[in-house]
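Student: Below you will find the structure I want to go over with you.
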Amino acid sequence: MIHLPTLLPKILRAIDCQDRITDAVRSHSFCASKMAVLGVGKAAPAMVAGALVALHEQGVTVSAALGITKIGHAPQTTAALETIPVEWVEGEHPMPDLASLRAGEQLLEWIHTRNEKVLVLLSGGASSVVESLQEGVDFETYQREVQGLLLSGASIHELNAYRRSVSALKGGKLGALLGDRLDSVWLVSDVLDDDLNTIASGLCFLPETAERHRIVSSARIELPRLAAIVEQEGYQVEALPLQDRVGPLLETFKGSVSQLQPGQAIIGMGECPITVQGQGLGGRCTYLAHQMAPIIEGREGVQFLAFATDGTDGPTPYAGGFVDAKSISLDRAGWKDADERFDSARWLLQNNLILETGPTGTNINDLYLLWRD
Numbered sequence: 000m001i002h003l004p005t006l007l008p009k010i011l012r013a014i015d016c017q018d019r020i021t022d023a024v025r026s027h028s029f030c031a032s033k034m035a036v037l038g039v040g041k042a043a044p045a046m047v048a049g050a051l052v053a054l055h056e057q058g059v060t061v062s063a064a065l066g067i068t069k070i071g072h073a074p075q076t077t078a079a080l081e082t083i084p085v086e087w088v089e090g091e092h093p094m095p096d097l098a099s100l101r102a103g104e105q106l107l108e109w110i111h112t113r114n115e116k117v118l119v120l121l122s123g124g125a126s127s128v129v130e131s132l133q134e135g136v137d138f139e140t141y142q143r144e145v146q147g148l149l150l151s152g153a154s155i156h157e158l159n160a161y162r163r164s165v166s167a168l169k170g171g172k173l174g175a176l177l178g179d180r181l182d183s184v185w186l187v188s189d190v191l192d193d194d195l196n197t198i199a200s201g202l203c204f205l206p207e208t209a210e211r212h213r214i215v216s217s218a219r220i221e222l223p224r225l226a227a228i229v230e231q232e233g234y235q236v237e238a239l240p241l242q243d244r245v246g247p248l249l250e251t252f253k254g255s256v257s258q259l260q261p262g263q264a265i266i267g268m269g270e271c272p273i274t275v276q277g278q279g280l281g282g283r284c285t286y287l288a289h290q291m292a293p294i295i296e297g298r299e300g301v302q303f304l305a306f307a308t309d310g311t312d313g314p315t316p317y318a319g320g321f322v323d324a325k326s327i328s329l330d331r332a333g334w335k336d337a338d339e340r341f342d343s344a345r346w347l348l349q350n351n352l353i354l355e356t357g358p359t360g361t362n363i364n365d366l367y368l369l370w371r372d
């Protein structure tokens, strides 16, 4: 029987990107004896910590380290960072704000003071937490455009294509600013096809820098590992292809529920944008959990989990939600009201069905798990 309080820590340990970065950087041969480290994104704290461990082991001196992450994600202290001061800057996500612009100013100032090689670490969230707009681009207009794309159900490719078009950093412009100082770029991908021009809006990606980019963790890489964890819990597991549309995903689960036998589970990962038409509180994962409640109603032993692996589901402070065969009976009228107002997170919270983990230190898309005890 799956017990979520013990399963989720196992999942997070399995996809720990600090270990992924340490192993990857440890196996890389650096020519420079002194380097600076730049980490940007929601997973930046873990990535920076992992890189510092590996560089120290290789005898590489880290002359400076800058981390830019989501507000509330910067570490207070980390054992791996104690010997090397890291300057932390925070910007907002998923909607960039003035803090994101200030982070952009600090990043540009930091780059202009660096003469040594720079190791760059990027993860999802980098597109929002740091920004510097091209001359003539109005920031409020930019925010409205981003908000419109987020609410319209635009794909990450469409959203980040717009960001690249107006940014003075994205679309390889940061890479161009670094020039020969750019040593290598290590990425934790939250983009399903691992497109280097879309992850972090391609901050350092140019044709001439492509060979210096290396993806160390992504849904494509980690899904088999996560399926193995569920198998270790005693379940026969089917892994779905990566998912990018919410309607077909719900139809897949709806078709599977009636066939699901005790001891069977279906696992998947993806990023399924939602067209938002109400003013409620919710994200992709809380929406899916909310929608699954009536689908699994009355199916004894069937449960469903939708989990944002970074610990923050869209504009909410929650990581997602979970429902079982009896969940909708807790508050059927409230479920319908939440459905009309796109208020999934509040319904789940009121019925003790919300997941709340805080920042997890990684960011590799959403995880879906349907199982029957």
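Just so we're aligned, residue 0 is where the sequence shown starts under numbering that gives the first Met the number 0, counting upward by one. In this text, a Cβ means the ideal position worked out from N, Cα and C, and glycines have one as well. Fair warning: this is a prediction, and the values are worked out from it, not measured in the lab.
Hey, how far is the Cα of residue 337 from the Cα of residue 20?
Tutor: On the sequence shown, position 338 is the one that residue 337 refers to. On the sequence shown, position 21 is the one that residue 20 refers to. Roughly 40 Å separates the two Cα atoms.
Student: Count the other CB atoms, across all protein chains shown, that sit within 10 Å of the CB of residue 8; report buried if there are 16 or more and exposed otherwise.
Tutor: Numbered from its first residue, the sequence shown carries residue 8 at position 9. Result: exposed.
Student: Roughly how many whole angstroms lie between the Cα atoms of residue 78 and residue 293?
Tutor: The residue you call residue 78 lines up with position 79 of the sequence shown. The residue you call residue 293 lines up with position 294 of the sequence shown. Only weak support exists for where residue 78 lies, its pLDDT of 49 falling under 50; the coordinates are left without a value.
Student: For residue 112, name the three-state secondary structure that DSSP assigns.
Tutor: Stepping through the sequence shown from its first residue, residue 112 is reached at position 113. Coil.
Student: For a test of the three-state rule: what should DSSP assign to residue 78, helix, strand or coil?
Tutor: On the sequence shown, position 79 is the one that residue 78 refers to. Unreliable positioning characterises residue 78 in this predicted model, as indicated by a pLDDT of 49, which lies under 50. A coordinate reading is not provided.
Student: Based on the DSSP output, what are the partners of residue 268 in its beta bridges?
Tutor: One-based indexing of the sequence shown puts residue 268 at position 269. Its beta-bridge partners are 366.
Student: With a cut-off of 8 Å on the beta carbons, I'd call residue 343 and residue 281 a contact; round off their distance for me.
Tutor: Walking along the sequence shown from the start, residue 343 turns up at place 344. Walking along the sequence shown from the start, residue 281 turns up at place 282. Sure, about 4 Å apart at Cβ, within 8 Å.
Student: Per the DSSP calculation, residue 212 is bridged to which residue(s)?
Tutor: As a first step, residue 212 is located in the sequence shown; it is residue number 213 there, counting from the start. Its beta-bridge partners are 184.
Student: Between 339, 272, 222 and 253, which lies nearest to residue 279 when the distance is taken from Cα to Cα?
Tutor: As a first step, residue 279 is located in the sequence shown; it is residue number 280 there, counting from the start. When each option's Cα is compared against that of residue 279, the closest is 339.
Student: Who are the near neighbours of residue 354 in its chain, counting only those whose CB is closer than 7 Å to its CB and skipping five residues on each side?
Tutor: The residue given as residue 354 occupies position 355 in the sequence shown. Counting only Cβ-Cβ distances below 7 Å, and skipping sequence neighbours, we find 306, 317, 318, 319, 320 and 321.
Student: Let me confirm a value: residue 41 is counted as buried when at least 16 other C-beta atoms fall within 10 Å, else exposed. Which label applies?
Tutor: Here residue 41 refers to the residue found at position 42 of the sequence shown. Classification for residue 41: buried.
Student: Where does residue 238 fall in DSSP's three states?
Tutor: Taking the first residue of the sequence shown as position 1, residue 238 is located at position 239. Of the three classes helix, strand and coil, the one that applies to residue 238 here is strand, per DSSP.
Student: Output the boundary residues of the beta strand (DSSP E) element that contains residue 5.
Tutor: Within the sequence shown, the letter at position 6 stands for residue 5. From DSSP, residue 5 is part of no beta strand (DSSP E) but of the alpha helix (DSSP H) over 3-13.
Student: How far does the alpha helix (DSSP H) with residue 336 in it reach, from first residue to last?
Tutor: The count along the sequence shown starts at 1 and reaches residue 336 at position 337. From DSSP, the alpha helix (DSSP H) with residue 336 extends over 331-340.
Student: Could you pull out every residue in the same chain whose Cβ sits closer than 7 Å to the Cβ of residue 291, ignoring the five residues on either side in sequence?
Tutor: Taking the first residue of the sequence shown as 1, we reach residue 291 at position 292. If we look at residue 291 and ignore the five residues flanking it on each side, its Cβ neighbours are 252, 303 and 322.
Student: Hey, quick one: how far does the beta strand (DSSP E) through residue 70 stretch, first residue to last?
Tutor: Reading the sequence shown from its first residue, position 71 is the one you call residue 70. Segment: none, residue 70 is in no beta strand (DSSP E) and carries neither H nor E.
Student: To the nearest angstrom, how far is the alpha carbon of residue 198 from that of residue 191?
Tutor: Sequence index remark: in the sequence shown, residue 198 carries index 199 (1-based). Sequence index remark: in the sequence shown, residue 191 carries index 192 (1-based). Distance between the alpha carbons of residue 198 and residue 191 is about 10 Å.
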